[in-house]
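Going by the working numbering, the residue at position 260 of the sequence shown is 1116; the numbering climbs one at a time, nothing skipped.
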Amino acid sequence: MSSTPTILLRFPFICLGWMLALATACDQYLPPAVAFADTQTPPDYSLASHWSCLPEKADEADHAPDVASPDNQGEAMADVFFIHPTTFMEADSVWNASLADSALNLSTDERAIRHQASIFNRAGRVFAPRYRQMVYGGFVTTDEEAKRKALELAYSDVRAAFAYYLEHWNQGRPIIIAGHSQGALHGMLLLSEFFDGKPLQAQLVAAYLPGWPIAKDRYSQLKPCETPEETGCVASWCTFREGYEPPSLNSYYQNAIVVNPVNWTADGSPSDKAAHRGFLMGNYKTVKTQALVARQHEGILWVTSPVPLVRIKNFHVGDFNLFWLDVRENAELRVNAFVREK
857 MSSTPTILLR FPFICLGWML ALATACDQYL PPAVAFADTQ TPPDYSLASH
907 WSCLPEKADE ADHAPDVASP DNQGEAMADV FFIHPTTFME ADSVWNASLA
957 DSALNLSTDE RAIRHQASIF NRAGRVFAPR YRQMVYGGFV TTDEEAKRKA
1007 LELAYSDVRA AFAYYLEHWN QGRPIIIAGH SQGALHGMLL LSEFFDGKPL
1057 QAQLVAAYLP GWPIAKDRYS QLKPCETPEE TGCVASWCTF REGYEPPSLN
1107 SYYQNAIVVN PVNWTADGSP SDKAAHRGFL MGNYKTVKTQ ALVARQHEGI
1157 LWVTSPVPLV RIKNFHVGDF NLFWLDVREN AELRVNAFVR EK
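See below:
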């Protein structure tokens, strides 16, 4: 796998998920009880079945709640390459998911794609590959070698899917890179390999990669987004309840990019509650507006509780859903700014 960048791993013991809900602990998921082995056939991205969503097929990325502006992929001027988070939660004998797992594919589509990828169907045509994601238990293993190999295998699929997209579908169109959690990790690597200081950087509208800390100085050319209409920049954040500091704050989150997804600044200024565009609830119908205040705190994003009396400390599962309408409107704003600039 010489073409795949080595993945350096530091990951806190947090639950990976697809939407904000009443959090339950993920510590019941154990690492696979076998050595890592790559025994699967790599995906063929010429097959529509190896994509969670494509612009030309009906899929879960085509939806929008009634309160939001409708899908606009048919008229959109940009493309969105979306990488879903970990949805493969439990396995005893494999480290990476199978693309032939129909139940897992359905779960991924109805959860991560419907609740996250659909955010971007106003800003661009949405492409989201299926990939041999690493199982959740891989993040809590002590077998660092197996973890590295499993994540490199997952990235090799994401990389192959993106290369196929570039060759067959992009045709010079502006690109948004988006992903959450494990998907944000792979998106971070795509930026390094394909965009940072490369010709393709000229096509980057922005990257939205919450749920995985990205060092401010990781890239030589790409910078954190500092204004709502800035293009060619990176937006990332990891969300926690205001006042809570995770045990790994100093070792894991220090120097991470934190772009506030309400006011879209990286200067630490808190957002106004009235400016919060909308938090999408798990029923995919209800949107709570003006529900929270967000502000940067030492490498993480602090938010006030969007639901009274809910005492969740780690809002990782809601990194996108807490700001569903905020991200949706901002992505479209940046695409329009990118087109004007060109």
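All C-beta atoms in this analysis are idealised placements derived from N, C-alpha and C, irrespective of residue type, glycine included.
Just so we're clear, the structure is a prediction, and the values are computed from it rather than from any experiment.
Item                                                                                                            : Value
Three-state class that DSSP yields for residue 1182 in the structure shown                                      : helix
Buried or exposed by the 16-neighbour rule on C-beta atoms within 10 Å, applied to residue 965                  : buried
Per-residue burial, residue 958 [other beta carbons within 10 Å of its own, 16 or more giving buried]           : exposed
Pairwise C-alpha distance: residue 1180 and residue 1140                                                        : 11 Å
Cβ-based neighbour list, residue 1006, same chain, cut-off 8 Å, excluding 5 preceding and 5 following           : 892, 951, 952, 990, 991, 994
Where residue 1148 sits in the DSSP three-state scheme                                                          : coil
Residues near residue 911 by beta carbon distance below 6 Å, same chain, minus five either side                 : 929, 981
C-beta atoms of residue 1046 and residue 1032 nearer than 8 Å                                                   : no
Proximal residues to residue 1137 (C-beta, below 6 Å), its chain only, five neighbours per side dropped         : none
Segments of 4+ residues assigned as alpha helix (DSSP H) that fall wholly inside the segment 988-1054           : 1000-1021, 1038-1046
Alpha helix (DSSP H) segments (min. 4 residues) lying fully within the segment 1050-1087                        : none
For residue 935, three-class secondary structure by DSSP                                                        : strand
For residue 910, the three-state DSSP class (helix, strand or coil)                                             : coil
Those runs of the alpha helix (DSSP H) which lie wholly inside the segment 886-930 and span at least 4 residues : none
Test item: CB-CB of residue 1233 and residue 906 under 8 Å                                                      : The chain is shown from 857 up to 1198; residue 1233 falls before or after that span and cannot be answered.
Beta-carbon proximity of residue 977 to residue 917, cut-off 8 Å                                                : yes
Range covered by the beta strand (DSSP E) that runs through residue 1157                                        : 1156-1159
For residue 1144 and residue 1052, the rounded distance between their alpha carbons                             : 36 Å
Status (buried if at least 16 other CB within 10 Å, exposed otherwise) for residue 1024                         : exposed
Residue nearest to residue 1085 in terms of C-alpha spacing, selected from 887, 1192, 945                       : 1192
Residue from 1148, 945, 1018 with nearest C-alpha to residue 1117                                               : 1148
Pick from 1126, 1078, 1074 that is closest to residue 1059, judged by C-alpha positions                         : 1078
8 Å contact criterion, which residue 1089 and residue 1109 should meet: CB distance rounded                     : Residue 1089 to residue 1109, Cβ: 20 Å. No contact.
Any 3 or more C-beta pairs closer than 8 Å across the segment 1094-1105 and the segment 1162-1180               : yes
Cutoff 6 Å; reference residue 1146; Cβ partners in own chain excluding five residues on either side             : 1129, 1130, 1132
Which of helix, strand or coil DSSP assigns to residue 1153                                                     : strand
Length of the line joining the Cα atoms of residue 999 and residue 963                                          : 28 Å
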